[in-house]
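Protein chains in written order, with numbering that gives the first Met the number 0: chain A, 0 to 438; chain B, 0 to 438.
This report concerns only the one structure given below.
There are 2 protein chains.
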Amino acid sequence: MSPQVQSTSPERASRKLVVMKFGGTSVGTIDRIRNVARRCLAVSKAGNDVVVIVSAMSGETNRLLKMAHEFGEIPDAREMDALAATGEQVTAALTALAIHQQGGDARSLLGHQVRVLTDNAFTKARIKTIDGTKIGEVLREGRIAVVAGFQGVDDQGNITTLGRGGSDTSAVAIAAAINADVCEIYTDVDGVYTTDPNVCPLARKIKKISYEEMLELASLGAKVLQIRSVEIAMKYGVPVHVRSSFSDVEGTLVTSEEGFSSGEMEQLSVAGVAYDKNEAKLTMLGVQDQPGVVAKIFGALADGNISVDMIIQNIGTGESPQKSATDVTFTVTKADLPRAKAIIAKVGAEVGCRDVVIDDGIVKVSIVGMGMRSHAGIAARMFQILASEGINIQAISTSEIKVSCIISAKYTELAVRALHTGFGLDRKPEEENHPSSEK
Amino acid sequence: MSPQVQSTSPERASRKLVVMKFGGTSVGTIDRIRNVARRCLAVSKAGNDVVVIVSAMSGETNRLLKMAHEFGEIPDAREMDALAATGEQVTAALTALAIHQQGGDARSLLGHQVRVLTDNAFTKARIKTIDGTKIGEVLREGRIAVVAGFQGVDDQGNITTLGRGGSDTSAVAIAAAINADVCEIYTDVDGVYTTDPNVCPLARKIKKISYEEMLELASLGAKVLQIRSVEIAMKYGVPVHVRSSFSDVEGTLVTSEEGFSSGEMEQLSVAGVAYDKNEAKLTMLGVQDQPGVVAKIFGALADGNISVDMIIQNIGTGESPQKSATDVTFTVTKADLPRAKAIIAKVGAEVGCRDVVIDDGIVKVSIVGMGMRSHAGIAARMFQILASEGINIQAISTSEIKVSCIISAKYTELAVRALHTGFGLDRKPEEENHPSSEK
Numbered sequence: 000m001s002p003q004v005q006s007t008s009p010e011r012a013s014r015k016l017v018v019m020k021f022g023g024t025s026v027g028t029i030d031r032i033r034n035v036a037r038r039c040l041a042v043s044k045a046g047n048d049v050v051v052i053v054s055a056m057s058g059e060t061n062r063l064l065k066m067a068h069e070f071g072e073i074p075d076a077r078e079m080d081a082l083a084a085t086g087e088q089v090t091a092a093l094t095a096l097a098i099h100q101q102g103g104d105a106r107s108l109l110g111h112q113v114r115v116l117t118d119n120a121f122t123k124a125r126i127k128t129i130d131g132t133k134i135g136e137v138l139r140e141g142r143i144a145v146v147a148g149f150q151g152v153d154d155q156g157n158i159t160t161l162g163r164g165g166s167d168t169s170a171v172a173i174a175a176a177i178n179a180d181v182c183e184i185y186t187d188v189d190g191v192y193t194t195d196p197n198v199c200p201l202a203r204k205i206k207k208i209s210y211e212e213m214l215e216l217a218s219l220g221a222k223v224l225q226i227r228s229v230e231i232a233m234k235y236g237v238p239v240h241v242r243s244s245f246s247d248v249e250g251t252l253v254t255s256e257e258g259f260s261s262g263e264m265e266q267l268s269v270a271g272v273a274y275d276k277n278e279a280k281l282t283m284l285g286v287q288d289q290p291g292v293v294a295k296i297f298g299a300l301a302d303g304n305i306s307v308d309m310i311i312q313n314i315g316t317g318e319s320p321q322k323s324a325t326d327v328t329f330t331v332t333k334a335d336l337p338r339a340k341a342i343i344a345k346v347g348a349e350v351g352c353r354d355v356v357i358d359d360g361i362v363k364v365s366i367v368g369m370g371m372r373s374h375a376g377i378a379a380r381m382f383q384i385l386a387s388e389g390i391n392i393q394a395i396s397t398s399e400i401k402v403s404c405i406i407s408a409k410y411t412e413l414a415v416r417a418l419h420t421g422f423g424l425d426r427k428p429e430e431e432n433h434p435s436s437e438k
Numbered sequence: 000m001s002p003q004v005q006s007t008s009p010e011r012a013s014r015k016l017v018v019m020k021f022g023g024t025s026v027g028t029i030d031r032i033r034n035v036a037r038r039c040l041a042v043s044k045a046g047n048d049v050v051v052i053v054s055a056m057s058g059e060t061n062r063l064l065k066m067a068h069e070f071g072e073i074p075d076a077r078e079m080d081a082l083a084a085t086g087e088q089v090t091a092a093l094t095a096l097a098i099h100q101q102g103g104d105a106r107s108l109l110g111h112q113v114r115v116l117t118d119n120a121f122t123k124a125r126i127k128t129i130d131g132t133k134i135g136e137v138l139r140e141g142r143i144a145v146v147a148g149f150q151g152v153d154d155q156g157n158i159t160t161l162g163r164g165g166s167d168t169s170a171v172a173i174a175a176a177i178n179a180d181v182c183e184i185y186t187d188v189d190g191v192y193t194t195d196p197n198v199c200p201l202a203r204k205i206k207k208i209s210y211e212e213m214l215e216l217a218s219l220g221a222k223v224l225q226i227r228s229v230e231i232a233m234k235y236g237v238p239v240h241v242r243s244s245f246s247d248v249e250g251t252l253v254t255s256e257e258g259f260s261s262g263e264m265e266q267l268s269v270a271g272v273a274y275d276k277n278e279a280k281l282t283m284l285g286v287q288d289q290p291g292v293v294a295k296i297f298g299a300l301a302d303g304n305i306s307v308d309m310i311i312q313n314i315g316t317g318e319s320p321q322k323s324a325t326d327v328t329f330t331v332t333k334a335d336l337p338r339a340k341a342i343i344a345k346v347g348a349e350v351g352c353r354d355v356v357i358d359d360g361i362v363k364v365s366i367v368g369m370g371m372r373s374h375a376g377i378a379a380r381m382f383q384i385l386a387s388e389g390i391n392i393q394a395i396s397t398s399e400i401k402v403s404c405i406i407s408a409k410y411t412e413l414a415v416r417a418l419h420t421g422f423g424l425d426r427k428p429e430e431e432n433h434p435s436s437e438k
């Protein structure tokens with residue numbers, strides 16, 4: 000198909016290799032899958048090689064996991080993956096069929112067919128290598144390659160999944176492996192905003208953002224792009240274009256700082272305000288204040304493949320140094336909470352923990368920006384803004400380009416809006432936004 | 000698990016390798032999957048090695064195919080298989096989880112993991128070889144192996160399916176490959192009956208039946224066991240026990256004739272009466288009556304992977320031998336009818352076919368029995384019985400152990416009951432049947 004297209008149109012711009020990734024909402028119905036097929040065919044007919052990565056139809060993964068949870072709270076992870084991987088397999092086959100129906104040619108490929116080799120950390124596997132051979136074959140035959148996202152295979156041939164949002168990771172990793180010109184992430188929002196527009200109506204769409212900023216925004220809950228996918232994009236220099244499946248407007252380009260031409264981005268100290276309600280806080284009371292104790296706790300959590308976000312340890316108290324005790328507080332995702340509790344119950348007994356207090360009514364609010372590196376006093380300004388709204392800060396963590404505060408969840412919207420205004424991010428009334436067609 | 004069980008119970012009968020296959024109705028709900036897990040664990044705990052083969056949850060394959068058909072009447076076969084194979088993958092993972100929940104240990108295995116190597120006739124692939132290594136590994140680790148039925152993989156790594164009812168074929172082929180002691184087929188009926196009990200209330204359950212008779216009964220629509228699975232069972236001498244998932248009563252043992260001890264089976268000339276409403280009749284009018292023409296027609300159908308059942312060709316008529324024409328009638332399954340029509344439309348033009356008449360209001364009624372080989376006049380008796388009910392016979396085919404007649408579908412029940420009574424198959428009022436708990 001494609002070679003002919005090229006030869007009959009010598010004036011056409013040079014052939015590009017484009018990876019297009021569509022999330023669950025974008026493939027949520029038969030009609031939306033038709034729309035995806037149309038978009039892919041348009042890019043293909045314009046003289047490009049197209050690789051499509053698809054997620055499970057929205058709701059499907061939850062339907063599958065709900066069935067699995069009928070068989071226990073913590074079902075066997077290997078079987079969970081064999082189960083969950085069917086969601087993307089269904090979408091990949093249907094998308095290929097839709098492309099066929101519209102007169103194109105396509106082949107679906109699964110994780111083990113591509114092959115996306117991962118470790119064997121079931122339900123949250125990490126990609127080791129991707130073999131581009133099979134995709135290359137399909138493209139050379141003049142076909143569109145439709146790859147099931149989210150899934151891989153370990154070296155024993157077991158099916159693995161990359162964890163929630165793993166299709167973004169699949170897309171960027173595949174783009175890197177086949178040296179694609181761009182990785183387009185199609186989603187139900189039309190780009191990355193300075194904050195959640197549902198919370199702050201004056202949020203602005205960001206035209207270009209650096210990998211580093213995007214990393215912090217993604218990890219902090221902007222929910223547009225999975226953090227691991229940004230890490231991989233940064234590592235391999237894959238330009239990522241986040242845009243809407245439902246409109247043709249340009250979205251947000253995530254690229255290296257060198258990719259910015261001067262003056263393209265307003266030099267604000269803060270690029271965005273993020274929040275994450277998906278964490279829970281655990282406090283272990285009366286833990287022995289001795290060397291090795293904290294290592295034991297967080298070692299056990301790491302062995303359980305649980306990512307810990309913030310850690311706060313208070314100064315030890317006790318009648319004697321030998322009997323000194325301390326409280327250890329940390330946050331994990333709510334999804335990991337049941338497993339974290341089970342691990343903590345076990346390790347807690349060994350380190351003298353008196354009780355565990357759990358608080359899942361918290362939110363993490365963060366400000367992010369490359370500009371922070373050259374602007375002093377940003378963190379202090381953040382605390383000031385929160386304090387002026389009467390919001391108590393329960394924990395703080397900082398990095399070069401972000402400051403995060405844990406506060407009570409009830410203050411989420413108030414805090415986000417105050418920070419957005421306070422750091423000069425509000426859209427001017429005369430500025431036009433292109434909100435997604437779904438918003 | 001299992002070696003310990005054996006060593007603590009030296010008096011236990013010798014360890015057996017049991018393949019247990021559960022159909023779509025038997026795994027149709029979460030509760031039924033629990034039931035399947037229970038049965039498998041019971042067999043395992045009794046000191047046996049257990050391999051479970053599962054179908055898709057009832058309704059699931061249809062749900063998937065319905066989505067596919069949104070993208071055209073004859074969707075791409077390769078993608079259909081990638082899609083349909085997810086049904087069994089889901090059941091296999093859920094069954095393994097159910098076994099885990101009940102304290103057992105299990106591993107799900109897919110067609111490409113086992114590996115069930117097939118040809119690449121998508122949607123109706125045939126098994127070439129089965130590697131028993133992976134299953135053996137899982138069993139040696141003391142686990143139950145749960146294998147997704149219906150699916151395989153071709154030598155290019157493409158996912159294939161074995162066609163409707165293919166899970167029976169998977170089960171028997173796997174039983175043969177691992178040299179299992181028995182292949183138990185669990186279904187929603189409790190065995191093979193002399194005819195359909197829904198049509199004939201006096202139908203009897205058959206305790207033992209030969210592979211040959213079962214082959215004819217299965218192919219003719221008894222719907223208990225897929226014909227290809229019986230062929231494989233016969234070829235490799237795998238004893239097949241057809242029984243109910245919902246009760247513990249013995250079902251029907253399908254085995255070689257040598258497996259019958261004398262007197263175990265009443266020496267009736269006819270073992271059963273079958274009917275098949277799933278065929279359609281095509282008549283090509285005015286086809287050239289010349290050498291090679293019929294070969295062309297059926298060669299084209301064979302190339303299209305369409306199985307033709309009965310073929311009737313009338314004597315040619317025409318003004319001159321050169322212009323002599325004939326009518327060719329044949330039957331195919333209703334599922335193959337759209338594709339058969341498309342092929343016939345094409346080849347028909349080349350062989351002078353004037354018109355094609357399609358009749359899908361037919362039924363094939365058959366009598367089957369090893370006894371026919373030694374009893375003369377069985378066919379004549381069948382025609383007599385049908386004639387005495389005023390039923391017109393449209394076509395006849397015979398083999399060593401069966402006679403089939405095509406009649407109008409409206410006579411189905413009448414014909415079946417008349418033949419069942421006429422050949423002395425009716426259950427005596429005092430005989431007890433064990434109808435399945437679902438009937």
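Glycine included, C-beta positions come from ideal geometry on N, C-alpha and C.
- Residue-level contact check: A:Asp154 does not touch chain B, since none of the beta carbons of chain B fall below 8 Å from its beta carbon.
- Contact of A:Pro74 with chain B is assigned, a C-beta pair being separated by under 8 Å.
- If you draw a 10 Å sphere on the C-beta of B:Pro74, you find 16 or more other C-beta atoms in it, and that means buried.
- A residue is called buried when at least 16 other Cβ atoms come within 10 angstroms of its Cβ; A:His111 meets this threshold and is buried.
- Runs of alpha helix (DSSP H) with 4 or more residues, each lying fully within the region 19 to 87 of chain A, are found at 29 to 44 and 59 to 68, listed in chain order.
- In terms of Cβ geometry, A:Ile311 and A:Thr328 form a close pair [threshold 8 Å].
- At least one CB of chain A lies nearer than 8 Å to the CB of B:Val89.
- Following the DSSP letters along the chain, one finds B:Glu230 inside the alpha helix (DSSP H) bounded by residues Ile226 to Tyr235.
- Cα atoms of B:Ile231 and B:Leu93: separation of roughly 28 Å, rounded to the nearest angstrom.
- The beta carbons of B:Ile366 and B:Val269 sit about 5 Å from each other, so the pair counts as a contact at 8 Å.
- Comparing C-alpha distances from A:Met369 to each of A:Ala341, A:Glu399 and A:Lys363 shows the shortest one belongs to A:Glu399.
- The contact set of A:Ala92 on chain B, defined by CB atoms closer than 7 Å, consists of Glu78, Ala81 and Leu82 in chain order.
- A buried status is given to A:His419, since no fewer than 16 other beta-carbon atoms sit within 10 Å of its beta-carbon.
- Chain A places a beta carbon closer than 8 Å to that of B:Leu63, counting this residue as a contact.
- In terms of Cβ geometry, A:Ile357 and A:Gln393 do not form a close pair [threshold 8 Å].
- Nearest to A:Met19 by C-alpha distance, out of A:Ser209, A:Asp118 and A:Ser166, is A:Ser166.
- Annotated as distal: B:Ala55 and B:Gln101, with beta-carbon spacing of 8 Å or more.
- B:Gln287 sits in a strand when the DSSP states are folded into three classes.
- Contact residues of the region 119 to 141 of chain A toward chain B are Lys133 (C-beta to C-beta distance below 9 Å).
- B:Glu69 reaches chain A at Ile29, counting residues in chain order whose Cβ is nearer than 7 Å.
- Where A:Gly151 is concerned, the enclosing beta strand (DSSP E) starts and stops at Gln150 to Val152.
- In terms of beta-carbon proximity, B:Thr85 lines the interface with chain A, with at least one pair separated by less than 8 Å.
- Counting along the chain, A:Leu216 sits inside the alpha helix (DSSP H) bounded by residues Tyr210 to Leu216.
- When secondary structure is reduced to three states using DSSP, A:Glu136 falls in the helix class.
- B:Ala408 carries a helical assignment under DSSP once its states are collapsed to helix, strand and coil.
- Here A:His111 carries a helix assignment [DSSP, helix/strand/coil].
- One thing to note: B:Glu78 has its Cβ no nearer than 8 Å to the Cβ of A:Ser25.
- DSSP, read as helix, strand or coil, puts B:Phe121 in coil.
- The shortest C-alpha to C-alpha distance from B:Lys340 to any of B:Ser323, B:Leu138, B:Arg114 and B:Lys280 is the one to B:Lys280.
- Between the beta-carbon of B:Gly250 and that of B:Ser243 there is about 6 Å, and that keeps the pair under the 8 Å contact cut.
- Contacts between A:Gln112 and chain B, judged by CB atoms closer than 7 Å, involve Gly156 in chain order.
- Taking 8 Å as the upper bound for CB-CB distance, A:Val286 and A:Val350 are in contact here, some 5 Å apart.
- Scanning the region 302 to 374 of chain A from its first residue to its last, the whole alpha helix (DSSP H) runs of 4-plus residues come out as 336 to 349.
- Using a Cβ distance threshold of 8 Å, B:Leu284 and B:Asp354 count as a contacting pair.
- Counting only the Cα atoms, B:Gly271 lies some 9 Å from B:Ala202.
- DSSP places A:Thr168 in the uninterrupted alpha helix (DSSP H) bounded by Gly165 to Ala176.
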